[in-house]
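Numbering (the numbering used here), first residue to last: 25 to 374. A short write-up of the structure that comes next.
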Ligand code: KG4
Ligand code: ZN
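Written as structure tokens, this is what we have:
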């Protein structure tokens with residue numbers, strides 16, 4: 025039996041959790057939405073300060089909720105990247121302090137590995153499996169062969185789909201987060217009424233692009249406004265339906281290719297806020313006969329439990345770190361994949 029603390033602070037959620045093997049004893053997440061709301065995106069300096077203020081509070085709350093003393097822990101795991109560096113540093117410094125004070129092993133975890141290994145925590149997924157991460161900050165297909173073995177089959181070359189949903193909502197005067205708002209609006213829309221492109225679908229491989237789609241939505245909105253002197257309610261719903269249908273088409277076609285490229289896998293796992301979208305879920309179910317694993321939303325979005333779990337997997341392999349553990353803004357899971365350019369509103373996509 026292993027008791028492990030996991031700390032997450034790479035974006036805009038301060039997370040701390042205690043796991044006893046696969047059992048989640050606590051999973052505290054302190055969000056920062058209100059702090060960033062006025063800026064239309066995560067402000068790195070504000071995020072860093074909030075993490076520095078809240079990380080010890082989150083850890084204390086997680087230990088208290090779990091009924092576990094620091095001394096009872098077997099190890100302390102922390103996100104060491106990739107992400108907004110100020111936040112990552114807050115978590116790493118906190119974890120180092122705790123490890124130094126208690127003499128417990130310190131384990132630096134890749135944030136994306138945390139997401140990618142979550143299906144093993146929630147569904148006991150067997151290696152190898154295919155993973156699609158789709159959130160406000162991530163979008164990639166990974167073949168997961170082991171706790172430290174990931175092959176990146178493709179991903180977005182610009183925005184993450186969640187970012188695109190959020191931007192489209194802003195363009196159409198819908199509330200944030202944009203995903204649920206656009207999905208609700210799309211229900212009464214006619215996707216065929218607004219022609220939108222499917223960027224990169226005509227190119228081989230599993231890479232995706234969403235920024236052109238965003239621009240196409242802007243044009244569709246402006247055309248409607250010029251024609252009607254405002255945005256008619258039905259047109260807004262039509263644009264939402266058309267945008268969502270385009271995202272579904274892109275993700276499902278690329279998933280089909282990723283499944284073919286991944287070869288023999290035991291399951292297709294999806295995680296990230298965007299995976300909450302019913303149309304996207306239905307589309308992904310339709311492309312495979314494999315079990316489709318979708319961890320509950322609270323474990324799909326950023327949290328400390330996934331970091332604790334990934335840390336546990338590393339601990340079992342004897343992989344611990346020392347006080348030289350560095351916070352890394354960029355840290356690709358698959359060192360063999362070509363580096364990506366640019367970082368989205370939620371930071372580097374690694
Ligand atoms: O994984 P997540 O909670 O956070 C990070 O990206 O860190 O994902 C949030 C993203 C937001 O962009 C939000 O608009 C999107 O997931 N999202 C959705 C839906 N629910 C959340 N996108 C499409 N449809 C949804 N139902
Ligand atoms: Zn994340």
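Virtual Cβ for every residue (Gly too), placed ideally from N, Cα, C. Since the structure is predicted, the reported quantities are computational estimates derived from the model, not experimental observations.
Q: Can you tell me which of 285, 72, 53 and 170 puts its alpha carbon nearest to the alpha carbon of residue 31?
A: Within the chain shown, residue 31 is the residue found at index 7, counting from 1. When only C-alpha atoms are compared, the closest one is 53.
**Q.** Given residue 347 as reference, the closest of 132, 68 and 105 once Cα atoms are compared
**A.** What you label residue 347 is simply residue 323 of the chain shown in a count that begins at 1. Residue 132 is the option with its Cα nearest to residue 347.
(Q) Please state whether the Cβ-Cβ distance between residue 34 and residue 121 is less than 8 Å. (A) Numbered from 1 along the chain shown, position 10 holds the residue referred to as residue 34. Numbered from 1 along the chain shown, position 97 holds the residue referred to as residue 121. Cβ distance not < 8 Å, so residue 34 and residue 121 don't count as in contact.
Q: Give the DSSP-derived three-state secondary structure of residue 268 in the structure shown.
A: Sequence index remark: in the chain shown, residue 268 carries index 244 (1-based). In the structure shown, residue 268 falls within a helical segment according to DSSP collapsed to helix, strand and coil.
(Q) Could you pull the DSSP bridge partners for residue 321 from this structure? (A) Locating residue 321 in the chain shown gives position 297, where the first residue counts as 1. BP columns for residue 321 are empty, so no partner.
Q. Would you report the Cα separation of residue 369 and residue 300, rounded to the nearest angstrom?
A. On the chain shown, position 345 is the one that residue 369 refers to. On the chain shown, position 276 is the one that residue 300 refers to. Note that residue 369 has pLDDT 46, beneath the 50 cutoff, so the model's placement of it is unreliable and the number below is only indicative. Residue 369 and residue 300: Cα-Cα distance of roughly 20 Å.
**Q.** Per-residue burial, residue 161 [other beta carbons within 10 Å of its own, 16 or more giving buried]
**A.** As a working note, residue 161 is residue 137 in the chain shown. Residue 161 should be labelled buried.
Q. Would you call the segment 213-221 and the segment 257-270 in contact, with 3 or more CB pairs under 8 Å?
A. Yes, since at least three Cβ pairs between the segment 213-221 and the segment 257-270 fall closer than 8 Å, the two stretches touch.
Q: Find out if the Cβ-Cβ distance for the pair residue 23, residue 336 is shorter than 8 Å.
A: Outside the displayed range of the chain (25 to 374) lies residue 23, so it cannot be described from this structure.
**Q.** residue 116 and residue 349 closer than 8 Å at C-beta
**A.** The residue labelled residue 116 in the question sits at position 92 within the chain shown. The residue labelled residue 349 in the question sits at position 325 within the chain shown. Yes, the pair counts as a contact, with Cβ atoms nearer than the cut-off.
**Q.** Residue nearest to residue 135 in terms of C-alpha spacing, selected from 204, 345 and 332
**A.** Walking along the chain shown from the start, residue 135 turns up at place 111. Among 204, 345 and 332, the Cα nearest to that of residue 135 is on 332.
Q. Given that a residue counts as buried once 16 or more other Cβ atoms are within 10 Å of its Cβ, and exposed if not, what is residue 142?
A. For this step, residue 142 is matched to residue 118 along the chain shown. Burial is judged here by how many other beta carbons sit within 10 angstroms of a residue's own beta carbon; residue 142 has at least 16 and is buried.
Q | 6 Å CB neighbourhood of residue 158 in its chain, flanking five on each side removed | A | Sequence index remark: in the chain shown, residue 158 carries index 134 (1-based). Excluding its 5 nearest sequence neighbours in each direction, residue 158 has C-beta neighbours in its own chain below 6 Å: 185, 296, 298 and 299, listed in chain order.
Q) Is the beta carbon of residue 106 within less than 7 Å of some heavy atom of ligand 1? A) As a position in the chain shown, residue 106 is number 82, starting the count at 1. It does not: the Cβ of residue 106 is nowhere closer than 7 Å to a heavy atom of ligand 1.
Q: Ignore the nearest five residues each way along the sequence and tell me which others in residue 236's own chain have a CB closer than 7 Å to its CB.
A: Position 212 of the chain shown, counted from the start, is the residue given in the question as residue 236. Excluding positions up to five away in sequence, the list reads 221 and 223.
Q.
Short of 7 Å in beta carbon distance, which residues of its chain neighbour residue 282, apart from the five on each side in sequence? Order them along the chain.
A. On the chain shown, position 258 is the one that residue 282 refers to. Close CB contacts of residue 282 within its chain, under the 7 Å cut and outside five residues either way in sequence, are with 154, 165, 177, 178 and 230 (chain order).
Q) Any heavy atom of ligand 1 within a distance shorter than 7 Å of the CB on residue 267? A) Here residue 267 refers to the residue found at position 243 when the chain shown is read from its first residue. Between ligand 1 and residue 267, a heavy atom-to-CB distance of less than 7 Å is absent.
**Q.** residue 240 versus residue 78: straight-line alpha-carbon distance, rounded
**A.** Walking along the chain shown from the start, residue 240 turns up at place 216. Walking along the chain shown from the start, residue 78 turns up at place 54. Distance from the CA atom of residue 240 to the CA atom of residue 78, rounded to whole angstroms, is 40 Å.
Q) Between residue 326 and ligand 2, is the CB less than 7 Å from at least one heavy atom? A) The sequence position of residue 326 within the chain shown is 302, counting from 1. Yes, Cβ of residue 326 sits closer than 7 Å to a heavy atom of ligand 2.
(Q) With distance defined between alpha-carbon atoms, name the residue in 168, 199 and 156 nearest to residue 180. (A) Walking along the chain shown from the start, residue 180 turns up at place 156. Of the candidates 168, 199 and 156, the one whose C-alpha sits nearest the C-alpha of residue 180 is 156.
Q. With C-beta atoms as the reference, is residue 291 less than 8 Å away from residue 149?
A. Against the chain shown, residue 291 aligns to sequence position 267. Against the chain shown, residue 149 aligns to sequence position 125. Between residue 291 and residue 149, the C-beta gap is smaller than 8 Å, which places the two residues in contact.
(Q) Taking 7 Å as the cut-off, is the beta-carbon of residue 60 closer than that to any non-hydrogen atom of ligand 2? (A) Counting from one through the chain shown, the residue named residue 60 turns up at place 36. It does not: the Cβ of residue 60 is nowhere closer than 7 Å to a heavy atom of ligand 2.
**Q.** residue 170, enclosing beta strand (DSSP E) - first and last residue
**A.** Reading the chain shown from its first residue, position 146 is the one you call residue 170. Per DSSP, residue 170 belongs to the beta strand (DSSP E) from 163-170.
**Q.** Complete runs of the beta strand (DSSP E) confined to the segment 41-120 [at least 3 residues]
**A.** Every beta strand (DSSP E) of 3 residues or more that sits fully in the segment 41-120 is shown, in chain order, as 47-55 and 99-105.
Q: Count the C-beta pairs between the segment 33-50 and the segment 86-102 that are closer than 8 Å, then say yes if the count reaches three, no if not.
A: A contact exists between the segment 33-50 and the segment 86-102.
(Q) Measuring only the C-alpha atoms, how far is residue 228 from residue 74? (A) What you label residue 228 is simply residue 204 of the chain shown in a count that begins at 1. What you label residue 74 is simply residue 50 of the chain shown in a count that begins at 1. If I take the Cα positions, the gap works out to 42 Å.
Q | Extent of the continuous beta strand (DSSP E) to which residue 217 belongs | A | Residue mapping note: residue 217 aligns to position 193 of the chain shown, counting from 1. First-last for residue 217: undefined, no H or E at that position.
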